[in-house]
Amino acid sequence: MDFTLIFRQMEQSPRRLVVRRPVYSGQPDPCQPIARAMPPTADATEIWITIAAMVAGFGLMGTMAWLERRPRKSFDPLPVPTTPLLLVGVLIGLLAIVHLFNLWGIHTGRR
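Using numbering that gives the first Met the number 0, the first residue of the sequence shown is number 0, and each one after it goes up by one.
(1) Between which two residues does the alpha helix (DSSP H) harbouring Thr81 extend?
(2) Identify, in the order they occur along the chain, each residue of the same chain with its Cβ nearer than 6 Å to the Cβ of Phe100, setting aside the five sequence neighbours on each side.
(3) Mind checking whether Leu66 and Val87 have CB atoms under 9 Å apart?
(4) What separation, rounded to the nearest whole angstrom, lies between the Cα atoms of Met0 and Ile105?
(5) Which whole-angstrom value is the C-beta distance of Met63 and Leu85, which I expect to be below 8 Å?
(6) Could you work out which residue in Asp42, Met53, Ala41 and Ala43 is closest to Val145 when comparing CA atoms only?
(7) Which whole-angstrom value describes the C-beta separation of Glu45 and Leu90, a residue pair presumed to lie in contact below a C-beta threshold of 8 Å?
Below you can see the structure in the form of structure tokens.
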């Protein structure tokens, strides 16, 4: 790749080396964030419901993980099956993330 080396005079240090890709390379600048606007077809209610489902799923996962890992005072089993509920929370959270990607216009799944 063709890189351009630029030496800059800085006040903190005598010299710094900055490597930049030329503008004509046709590739986006990796230092700039990629901003995607929400498509106009996305409904705000659907986005908030999906975010709430994601928070609830990961909250369920965190609560069940905490219940499994806390110190026990007795060896009686818990009345709540923590492992299946932990897996259900992970599944709900991941499905909500995929749904948010689809709302943003990023195609997931088969093409």
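The beta-carbon is built from N, C-alpha and C at its ideal position, and this holds for glycine as well.
Let me spell this out:
(1) Thr81 to Leu102
(2) Thr107
(3) no
(4) Model confidence at Met0 stands at a pLDDT of 40, short of 50, so the residue's coordinates are unreliable; what they give is reported in the following sentence. About 29 Å.
(5) 4 Å
(6) The first residue shown for the chain is 0 and the last is 110, placing residue 145 beyond what the model contains.
(7) Rounded, the Cβ-Cβ distance is 19 Å, inconsistent with contact.
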